[in-house]
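Student: If you scroll down you'll find the structure; I have some questions about it.
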Amino acid sequence: MTVLGIEVDNALIARWRAWLAPGVQPFFVDTRRGWPKSQDVALTPELRDTFKFWRMDRSLKVVWLDEETVAGLPLTRQAELVRRRYQPLVWPSQVTDEIAVGFVEREGIASRHGEVDWTVSGNVLPRAEALVGTFPSRSGPNCFGTTMAAAGLVGAENEWMQREPFEAWLAAHCQPGGTDNQAGTVLLWRETATGLVSHSAVTLGDGLAFEKASGCWWSPRAVASVADVKRDTRQRGLRLERWRIVR
Numbered sequence: 152m153t154v155l156g157i158e159v160d161n162a163l164i165a166r167w168r169a170w171l172a173p174g175v176q177p178f179f180v181d182t183r184r185g186w187p188k189s190q191d192v193a194l195t196p197e198l199r200d201t202f203k204f205w206r207m208d209r210s211l212k213v214v215w216l217d218e219e220t221v222a223g224l225p226l227t228r229q230a231e232l233v234r235r236r237y238q239p240l241v242w243p244s245q246v247t248d249e250i251a252v253g254f255v256e257r258e259g260i261a262s263r264h265g266e267v268d269w270t271v272s273g274n275v276l277p278r279a280e281a282l283v284g285t286f287p288s289r290s291g292p293n294c295f296g297t298t299m300a301a302a303g304l305v306g307a308e309n310e311w312m313q314r315e316p317f318e319a320w321l322a323a324h325c326q327p328g329g330t331d332n333q334a335g336t337v338l339l340w341r342e343t344a345t346g347l348v349s350h351s352a353v354t355l356g357d358g359l360a361f362e363k364a365s366g367c368w369w370s371p372r373a374v375a376s377v378a379d380v381k382r383d384t385r386q387r388g389l390r391l392e393r394w395r396i397v398r
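And the structure:
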């Protein structure tokens, strides 16, 4: 099956189904009092991403409930639970391959890696061709590791790369400058207020760029136009820098 222009196998889609519709799911409430007892669940990176915990109002509490428990509540109480969800409710009994694939496709845009002339970028980005058009095996691998891996750092594509090692790599292997149409320009967004790095992508030439849009399990290593990458990343409080990879 092809998803966002990328070939995926049945095993990966099965993992998507499990991550999208686990048997026990979080619900955000004002107080746990009056609700069924919350089940004990370890918050994995995949659960964190599926249910968008980063958007959670910190004043709310979390109760973890299974399908049978929720179905046994009065409809008005069920509606209260669903109202504060950051992700539509789907249970294992309901999820299908089509639902899981549809979720992934709504979260991204089709990769354009078939349009890349790898003779243009191969010298400066020796591992990019092997990495593009792939999905991660889990949540965690992010934009910083993807940029570093494309430039040749083996294994970085599988890491939840933190800011400090990325900044160290940037200082050691890049210089300020570069243009959007040449291969090997790191597009780097920083928080204006703090100067902290927020996102990165790297240009492939011919107006295309390589990025992993987020560290979420549904985010592929993909190619998009530089214009699309800049548009999708643009937000108040971020500034764009350009760094040229030096060989």
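Residue numbers (my numbering): 152 to 398.
Where is the CB? At the ideal position from N, CA and C, for every residue including glycine.
From a predicted model like this one, the values you see are computed outputs, not experimental measurements.
Tell me where the alpha helix (DSSP H) around P196 begins and ends.
Tutor: Locating residue 196 in the sequence shown gives position 45, counting from the first residue. Start and end: P196 to T201.
Student: For R184, which of V377, R199, V175 and K212 has the nearest alpha-carbon?
Tutor: As a first step, residue 184 is located in the sequence shown; it is residue number 33 there, counting from the start. With distances taken between Cα atoms, R184 lies closest to K212.
Student: Taking DSSP's pairing of strands, which residues face D217 in a bridge?
Tutor: Against the sequence shown, residue 217 aligns to sequence position 66. In DSSP, D217 forms a bridge with V175.
Student: Going by Cα to Cα distance, which pick from E218, Q245, P243 and S244 is closest to L232?
Tutor: Locating residue 232 in the sequence shown gives position 81, where the first residue counts as 1. Ranking E218, Q245, P243 and S244 by Cα distance to L232 puts E218 first.
Student: Take every Cβ of the segment 328-348, pair it with every Cβ of the segment 273-284, and state whether three or more of those distances are shorter than 8 Å.
Tutor: With a cut-off of 8 Å, the segment 273-284 and the segment 328-348 count as touching, because enough Cβ pairs lie within range.
Student: Spell out the partners DSSP gives V348 in its beta bridges.
Tutor: Along the sequence shown, one-based indexing puts residue 348 at 197. Beta-bridge pairing links V348 to R341.
Student: CA-CA distance, L300 and P187?
Tutor: In the sequence shown, residue 300 corresponds to position 149, counting from 1. In the sequence shown, residue 187 corresponds to position 36, counting from 1. It is Ala, not Leu, that sits at residue 300 in the sequence shown. Cα to Cα, A300 sits roughly 46 Å from P187.
Student: Give every residue of the same chain whose Cβ lies closer than 7 Å to the Cβ of E318, excluding the five residues on either side of it in the sequence, and list them in chain order.
Tutor: By one-based count along the sequence shown, residue 318 stands at place 167. So the qualifying residues of the chain are V348.
Student: Determine the burial state of V305: buried for a count of at least 16 other Cβ atoms within 10 Å of its Cβ, exposed for fewer.
Tutor: Counted from its first residue, the sequence shown places residue 305 at position 154. That one is exposed.
Student: How far does the beta strand (DSSP E) with P327 in it extend, from its first residue to its last?
Tutor: Counted from its first residue, the sequence shown places residue 327 at position 176. Its beta strand (DSSP E) spans residues C325 to P327.
Student: Would you say the segment 152-166 touches the segment 234-242, given that touching needs at least three Cβ pairs under 8 Å?
Tutor: Verdict: no, contact absent.
Student: Run the CB neighbour count on Q176, radius 10 Å, all protein chains shown included, and call it buried at 16 or more, exposed below.
Tutor: Taking the first residue of the sequence shown as position 1, residue 176 is located at position 25. With 16 or more other Cβ atoms within 10 Å, it is buried.
Student: Leaving out the 5 sequence neighbours to the left and right, which residues in its chain are closer than 7 Å to A251 when beta-carbon positions are compared?
Tutor: Stepping through the sequence shown from its first residue, residue 251 is reached at position 100. Around A251: I164, W167, R168 and L171.
Student: For the putative contact between V377 and D331, defined by C-beta atoms under 8 Å, what is the C-beta separation to the nearest angstrom?
Tutor: Numbered from 1 along the sequence shown, position 226 holds the residue referred to as residue 377. Numbered from 1 along the sequence shown, position 180 holds the residue referred to as residue 331. With 8 Å as the limit, V377 and D331 qualify as a contact, their Cβ atoms being about 5 Å apart.
Student: Taking the straight line between their C-alpha atoms, what separation do you get for R199 and C367?
Tutor: For the purposes of this step, residue 199 is identified with residue 48 of the sequence shown, where counting begins at 1. For the purposes of this step, residue 367 is identified with residue 216 of the sequence shown, where counting begins at 1. If you take the alpha carbons of R199 and C367, they lie about 9 Å apart.
Student: S370 and V259 - do their beta-carbons sit closer together than 8 Å?
Tutor: As a working note, residue 259 is residue 108 in the sequence shown. As a working note, residue 370 is residue 219 in the sequence shown. Position check: residue 259 holds Gly in this sequence, whereas Val was assumed. A contact, by the Cβ cut-off of 8 Å.
Student: In angstroms, rounded to a whole number, what distance separates the CA positions of N161 and T153?
Tutor: Counting from 1 along the sequence shown, the entry for residue 161 is found at position 10. Counting from 1 along the sequence shown, the entry for residue 153 is found at position 2. Those two C-alpha atoms are separated by around 11 Å.
Student: Return the chain-ordered list of same chain residues with a C-beta closer than 7 Å to the C-beta of V192, the five sequence neighbours on each side being excluded.
Tutor: By 1-based counting over the sequence shown, the position of residue 192 is 41. Once the five neighbours on either side are set aside, the close Cβ partners of V192 are V175 and W215.
Student: By Cβ distance below 7 Å, which residues in the same chain neighbour E342 in space, the five residues on each side in sequence not counted?
Tutor: Indexing the sequence shown from 1 puts residue 342 at position 191. So the qualifying residues of the chain are S349, G388 and L389.
Student: With DSSP run on the structure shown, which of helix, strand or coil describes F317?
Tutor: In the sequence shown, counting from the first residue as 1, residue 317 sits at position 166. Helix, per DSSP.
Student: Taking just the CA atoms, how far does Q313 sit from R382?
Tutor: Sequence index remark: in the sequence shown, residue 382 carries index 231 (1-based). Sequence index remark: in the sequence shown, residue 313 carries index 162 (1-based). Computed Cα separation, rounded: 24 Å.
Student: Return yes when the C-beta of V192 is under 7 Å from any heavy atom of the ligand NAD, and no when it is not.
Tutor: The ligand NAD is not part of this structure, which contains no ligands at all.
Student: What three-state label does DSSP hand W167 in the structure shown?
Tutor: Start at 1 with the first residue of the sequence shown, and residue 167 comes out as number 16. Helix, per DSSP.
Student: Rounded C-beta distance between F141 and V159? I'm assuming under 8 Å.
Tutor: This structure does not reach residue 141, given that the chain is present from 152 up to 398, and the question cannot be answered.
Student: Determine the closest residue to T354 out of W242, G291, P243 and A302, with distance taken between C-alpha atoms.
Tutor: The residue labelled residue 354 in the question sits at position 203 within the sequence shown. If we check each option's Cα against that of T354, A302 comes out closest.
Student: Would you mind working out which of S365, Q386 and R393 sits nearest T201, comparing C-alpha positions?
Tutor: The residue given as residue 201 occupies position 50 in the sequence shown. That would be S365, whose Cα lies nearest to the Cα of T201.
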